[in-house]
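Residue numbers (this note's numbering), protein chains in the order written: chain U, 14 to 480; chain H, 110 to 349. Note that the Cβ used here is the ideal one computed from N, Cα and C, for glycine as well. Owing to the predicted nature of the structure, the values given are computational and were not obtained by experimental measurement. Presented below is the structure to which this report refers.
Here's what the structure looks like:
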């Protein structure tokens, strides 16, 4: 039993496990557990444990002077950064505040219920979904700009000192630093695949770091992907895990056991390795049109965000929010309208053209995005850079099945346009290499889809105008 | 070779960390462009045995645990060793290079016996070698090699092997400016990229060895020459 989930308890009797500093006012009443029981089965007890949210005003009151000074200075600098158009202020303000008071993150987190979201793919979108899900119950702050290391977390928490909830994206290798500062209520572990190996290193290193992070916070609820053996290996030993199943997609990083190296043959089935690592039972399952909860109810899952991958991300958000007492039906209604997350999937105006922006930064996300564009015949612009934030090595382009683009009109650009073009030629895809994304958009037909990797996406988003 | 060239992709579930599959795609497509049929035999680590009848063998790289697991599979069923003894070409990338050597030491300090197809001993260094590499190949007609390296191991060659090339930029084996190892038709390298995509002359040399006959020249993808030039100029990560 963990601190954030009290088995068998219902209603408002549960205590938040964070600091309680003020009486709860203006808190939306927690959903009544009985409302969710299937009418035909009045005896059914909802399997999620209803938790009272922490109280607004709590985190902000009784702060020591030094914390107030650090936060004040950080906010001033963040505001200046925004006004001078140097950036969103998310990094610089947080960095300054953190330098004025080490340990500030733990202080800002005290008394709040915080969900940390990590994994190699889908962090930003899932964080936006979780934040929206938590807002079904109270105000929530989030590092929406994607600054996902400690200074970004400090900046996000500084922007709203009274928000009882926070959804914070965290870089895979920085979760351990976070849990050294405070214990989040929930940690969401999405997936682990090869990503920027020249920067991040091997998947095994990331696993070790994540496991160390979880060991520090045994009372934190972990919401984890049961279909990814790398995630199962990280989370299986934790005392409180809620397992989410969305179906296995990118499997090239998981076909041998992360613990012992033995071949796992039936990744889509109930796999079990000789060393003991096995696919756990799912608490939440994504089906073709619904999400199946631990109460056995299938709830319709309709989203504006496209693709099966976002159905999985949404289910993680529902599961995480339910751990904090949010009502899954209200959560589903709320996240249904989300159209974009930090520009991902956004339809924007770019160089006077209507463009859909898609982010793909590693083989797993390219698989999802190519899947998404296979349903139509719009012109395609593909942009690949290789700066530090992207990783300098683009060998992974050869692990992507670009063969599905045969017969499409494809324009290729970015710093590594030549690498991509050679890859496409070997895949039998006709393409044209152009100098810049601007040139590419100028030559593409109406309403193109643009798939870009990290820095390329960021630059395009910065130049775009929201419709 | 009535059914076409048989390409063996060995243990991609263990050795296929970063674009290594690309080397197979390049061989298949370069044969297809010439109208020569090919068949790729994928040998997973769960396979009962490693076939010895293929015409060319490819091994990629992997993390330490995967690499030692691959070593167990390959020594249990010596199809690769028998094929190599017949002069069938073998390409080993990164971790593949290390286990085709005589001995390798993993990051945990444990020494492992290699397959011994090339005369090379690998030990871990203090830091990873990461970045663009260029080297001049010693193999006739292959010329300048370009690729990207990312490895902790440093490899010292014995008298039984020659380097695949001499490094002009990057780390390579980390000893005597050597990059990779060659013995007979066994070719090993640290270069990703993947190497056969960036260095088509090496791809064709392996295919000529596999078929025992010279290949017709083909028109290269038009961006390839520009890519090779670009990669030899760029400075990515490597301090040297």
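CB of residue 178 of chain U within 7 Å of CB of residue 147 of chain U, strictly = Translated into positions along the first chain, residue 178 of chain U becomes position 165. Translated into positions along the first chain, residue 147 of chain U becomes position 134. Against a cut-off of 7 Å, the Cβ pair of residue 147 of chain U and residue 178 of chain U comes out as a contact.
Mapping DSSP to helix, strand and coil, what is residue 323 of chain U?
-> Within the first chain, numbered from 1, the residue matching residue 323 of chain U stands at position 310. If DSSP states are grouped into helix, strand and coil, residue 323 of chain U belongs with the helices.
C-beta neighbour in chain H for residue 435 of chain U, strict 7 Å = Sequence index remark: in the first chain, residue 435 of chain U carries index 422 (1-based). Cβ-Cβ to chain H under 7 Å: yes for residue 435 of chain U.
Using the C-alpha atoms, what's the distance from residue 327 of chain U back to residue 182 of chain H?
-> The residue labelled residue 182 of chain H in the question sits at position 73 within the second chain. The residue labelled residue 327 of chain U in the question sits at position 314 within the first chain. Cα to Cα, the separation comes out at about 41 Å.
Taking buried to mean at least 16 other C-beta atoms within 10 Å of its own C-beta, is residue 104 of chain U buried or exposed?
-> Indexing the first chain from 1 puts residue 104 of chain U at position 91. Residue environment for residue 104 of chain U: buried (at least 16 other C-beta atoms within 10 angstroms of its C-beta).
For the beta strand (DSSP E) that residue 241 of chain H lies in, which residues bound it at each end?
-> Residue mapping note: residue 241 of chain H aligns to position 132 of the second chain, counting from 1. 229-246 is the span of the beta strand (DSSP E), which, as asked, contains residue 241 of chain H.
Can you give me the Cβ contacts of residue 246 of chain U inside the same chain, cut-off strictly under 7 Å, excluding the 5 residues immediately before and after it?
-> Locating residue 246 of chain U in the first chain gives position 233, where the first residue counts as 1. Same-chain partners within the cutoff: 220, 271, 272 and 290.
Residues of chain H with CB under 8 Å from residue 286 of chain U, in chain order?
-> By one-based count along the first chain, residue 286 of chain U stands at place 273. In chain order: nothing, as chain H lies at least about 12 Å away.
Report the rounded CA-to-CA distance for residue 338 of chain U versus residue 257 of chain U, giving the unit in angstroms.
-> Along the first chain, read from residue 1 onward, the residue named residue 338 of chain U stands at position 325. Along the first chain, read from residue 1 onward, the residue named residue 257 of chain U stands at position 244. Roughly 17 Å separates the two Cα atoms.
In chain order, what residues of the stretch 314-336 of chain H put their CB closer than 7 Å to some CB of chain U?
-> 330, 332, 333, 335 and 336
Rounded to whole angstroms, what's the CA-CA distance from residue 351 of chain U to residue 115 of chain H? Just pull it up for me.
-> Numbered from its first residue, the first chain carries residue 351 of chain U at position 338. Numbered from its first residue, the second chain carries residue 115 of chain H at position 6. Roughly 50 Å between the two C-alpha positions.
Given residue 277 of chain H, which residues of its chain have a CB within under 7 Å of its CB, disregarding the five upstream and five downstream residues?
-> Here the question's residue 277 of chain H lines up with position 168 in the second chain. So the list reads 243, 244 and 245, once near-sequence residues are dropped.
What are the complete beta strand (DSSP E) segments, minimum 3 residues, inside the stretch 382-466 of chain U?
-> Here the runs fully enclosed are 393-396, 423-426, 444-446 and 462-465.
Who are the Cβ neighbours of residue 407 of chain U in its own chain at under 6 Å, not counting the five residues just before and after it?
-> What you label residue 407 of chain U is simply residue 394 of the first chain in a count that begins at 1. Once the five neighbours on either side are set aside, the close Cβ partners of residue 407 of chain U are 399, 429 and 432.
Proximity of residue 154 of chain H and residue 118 of chain H at Cβ, strictly below 7 Å | What you label residue 154 of chain H is simply residue 45 of the second chain in a count that begins at 1. What you label residue 118 of chain H is simply residue 9 of the second chain in a count that begins at 1. Going by C-beta atoms, residue 154 of chain H is not nearer than 7 Å to residue 118 of chain H.
Residues that residue 282 of chain U contacts on chain H, provided the C-beta gap is smaller than 7 Å = Along the first chain, one-based indexing puts residue 282 of chain U at 269. Here the premise fails: no neighbours, minimum Cβ distance about 14 Å.
Neighbourhood of residue 366 of chain U by C-beta, 6 Å cutoff - its chain only, sequence neighbours within 5 removed | For the purposes of this step, residue 366 of chain U is identified with residue 353 of the first chain, where counting begins at 1. Here the set comprises 454.
Determine the DSSP secondary structure at residue 258 of chain U, reduced to helix, strand or coil.
-> Position 245 of the first chain, counted from the first residue, corresponds to residue 258 of chain U. Shown here, residue 258 of chain U sits in a strand according to DSSP, grouped into three states.
Can you round the beta-carbon distance between residue 302 of chain H and residue 264 of chain H to whole angstroms, since I take them to be within the 8 Å contact cut?
-> As a first step, residue 302 of chain H is located in the second chain; it is residue number 193 there, counting from the start. As a first step, residue 264 of chain H is located in the second chain; it is residue number 155 there, counting from the start. That pair is no contact at about 18 Å.
Under 7 Å between the Cβ atoms of residue 123 of chain H and residue 175 of chain H?
-> Position 14 of the second chain holds residue 123 of chain H. Position 66 of the second chain holds residue 175 of chain H. In this structure, residue 123 of chain H sits near residue 175 of chain H, with a CB-CB distance shorter than 7 Å.
Using CA coordinates, which residue listed in U/416, U/461 and U/120 is at the minimum distance from residue 175 of chain U?
-> Position 162 of the first chain, counted from the first residue, corresponds to residue 175 of chain U. For the residues U/416, U/461 and U/120, the minimum Cα distance to residue 175 of chain U belongs to U/120.
Pairwise C-alpha distance: residue 397 of chain U and residue 39 of chain U | Against the first chain, residue 39 of chain U aligns to sequence position 26. Against the first chain, residue 397 of chain U aligns to sequence position 384. Caution is warranted here: a pLDDT of 38 is assigned to residue 39 of chain U, below 50, making its placement in the model unreliable, and the coordinate value is therefore given only provisionally. Looking at the two C-alpha atoms, the distance is approximately 48 Å.
Environment of residue 203 of chain H [buried if 16+ CB atoms lie within 10 Å] = Numbered from its first residue, the second chain carries residue 203 of chain H at position 94. By the neighbour-count rule (16 or more Cβ atoms within 10 Å), residue 203 of chain H is buried.
Contacting positions in the stretch 131-144 of chain U - beta carbon closer than 9 Å to chain H = none
To which residues of the same chain is residue 402 of chain U closer than 7 Å at the C-beta, ignoring the five residues directly before and after it?
-> Translated into positions along the first chain, residue 402 of chain U becomes position 389. The residues are 467 and 468.
Status (buried if at least 16 other CB within 10 Å, exposed otherwise) for residue 355 of chain U = Along the first chain, read from residue 1 onward, the residue named residue 355 of chain U stands at position 342. Burial call: buried.
Could you check if residue 129 of chain U is buried or exposed, using at least 16 other CB atoms within 10 Å of its CB as the buried criterion?
-> Sequence index remark: in the first chain, residue 129 of chain U carries index 116 (1-based). Buried, because 16 or more other Cβ atoms sit within 10 Å of the Cβ of residue 129 of chain U.
Residues of the stretch 289-308 of chain H whose Cβ lies closer than 9 Å to any Cβ of chain U, in chain order = 301, 302, 303, 306 and 307
Short CB-CB distance (under 7 Å) between residue 269 of chain U and chain H = Here residue 269 of chain U refers to the residue found at position 256 of the first chain. Yes, its Cβ sits closer than 7 Å to a Cβ of chain H.
For residue 151 of chain U, the nearest candidate out of U/427, U/127, U/434 and U/478 (CA to CA) | Against the first chain, residue 151 of chain U aligns to sequence position 138. Ranking the options by Cα distance to residue 151 of chain U, first place goes to U/127.
List the residues of chain H that residue 221 of chain U touches, going by C-beta distances under 7 Å, in chain order.
-> The residue labelled residue 221 of chain U in the question sits at position 208 within the first chain. Within 7 Å Cβ-Cβ: nothing; residue 221 of chain U doesn't reach chain H, min ~12 Å.
Residues of chain U with CB under 8 Å from residue 263 of chain H, in chain order?
-> Taking the second chain and counting its residues from 1, the one referred to as residue 263 of chain H is at position 154. In chain order: nothing, as chain U lies at least about 18 Å away.
According to the neighbour-count rule (16 or more other Cβ atoms, all chains shown, within 10 Å of its Cβ), is residue 337 of chain H buried or exposed?
-> Here residue 337 of chain H refers to the residue found at position 228 of the second chain. Classification for residue 337 of chain H: buried.
Leaving out five residues before and five after residue 382 of chain U in sequence, what residues of the same chain have Cβ atoms less than 7 Å from its Cβ?
-> In the first chain, counting from the first residue as 1, residue 382 of chain U sits at position 369. 371, 373 and 464, listed in sequence order.
Is the number of C-beta pairs between the stretch 224-244 of chain U and the stretch 194-201 of chain U that are closer than 8 Å three or more?
-> yes
Is residue 194 of chain U buried or exposed, if buried means 16 or more other CB atoms sit within 10 Å of its CB?
-> Counted from its first residue, the first chain places residue 194 of chain U at position 181. Around the CB of residue 194 of chain U, 16 or more other CB atoms lie within 10 Å, so the residue is classed as buried.
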